[in-house]
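Asker: All you need for this note's numbering is the position in the sequence shown, starting with 1, plus 57. Glycine included, every Cβ here is placed at the ideal spot set by N, Cα and C. From a predicted model like this one, the values you see are computed outputs, not experimental measurements.
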Amino acid sequence: MTITHLPASAGPPDDVPPYEPWAGEPEVLAEAAEAGRRAAAWIRSLPAAPAPRPVGTWLAGALPAAVEAAMGSLDPAQCDRMGPDGRLVEGNGGVDAGTMSTLSVVPCVLSDADWLTPDQHIRLLAVASIITGIARLLADDPGTAILHGLVARMCATLDHATRPDHPGLATQFEHAL
């Protein structure tokens, strides 16, 4: 049996050039964080459960907190890359696993939120999908996501999904911001 050793890596992790932000990155990330705050405010403005129940508490607290945390922590530097050993290191777009886990259970818990309308259910699904999509997009291809306006378009979709339910609630919604 012959053992062949692979060539040594290019060098220690110190040899990796420092991350340089994409043109317009700070503005895109600031708008994404703001869109996340608006989405969280909309979620908090949803009607409360008629009687205390775990999903109602989760919708009022953990979910909007996860929305704000995810959109406020987006980081294109946390993209897919090759590790020093030559293996692919999957990026997370700056969103930690716990926050992604909270967003991923939205489809599972909405059936317990029977006091919300089907429209509100669909819009909550859209929020979770858009936010996880933005994080994945930044992890997969941050340059395209930022330079070609993909993050900005997804934030516009997030804003549309989290618009106030009724024109009369617009004032209450804006007041929550």
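1. So is L86 buried or exposed if we call it buried at 16+ other beta carbons inside 10 Å?
2. Could you give the DSSP three-state label for R193: helix, strand or coil?
3. Are I188 and V208 closer than 8 angstroms when you measure CB to CB?
4. Could you please give me the residues that DSSP links to V152 through a beta bridge?
5. Have a look at the DSSP bridge pairing and note the partners of L131.
6. Below 8 angstroms on the Cβ atoms is my contact criterion, and I expect A119 with L160 to pass it. Report the Cβ-Cβ distance as a whole number of Å.
7. Considering only C-alpha positions, which residue in the set G81, E77, A90 and P75 is nearest to A213?
8. I'd like to know whether the C-beta atoms of Q177 and L131 end up nearer to each other than 8 angstroms.
9. Only counting the same chain, and skipping five residues up and downstream in sequence, which positions put a Cβ closer than 7 angstroms to that of G238?
10. Which of helix, strand or coil does DSSP assign to L173?
11. Considering Cα atoms alone, identify which of A202, A196, G200 and G113 is closest to S168.
12. So, is A202 buried or exposed, given that buried needs 16 or more other C-beta atoms within 10 angstroms?
13. Check this for me: beta carbons of P133 and E77, under 8 angstroms apart or not?
14. Kindly indicate which three-state DSSP category V146 falls into: helix, strand or coil?
15. Can you round the beta-carbon distance between G151 and L195 to whole angstroms, since I take them to be within the 8 angstroms contact cut?
Answerer: For this structure:
1. buried
2. helix
3. no
4. Answer is none; V152 lacks a bridge partner.
5. The partner list for L131 (beta bridge, DSSP) is empty, contrary to what the question assumes.
6. Incorrect: roughly 10 angstroms between the Cβ atoms, too far for contact.
7. A90
8. no
9. The chain is shown only over 58 to 234; residue 238 falls outside these bounds and no answer can be derived.
10. coil
11. G113
12. buried
13. no
14. strand
15. 7 angstroms
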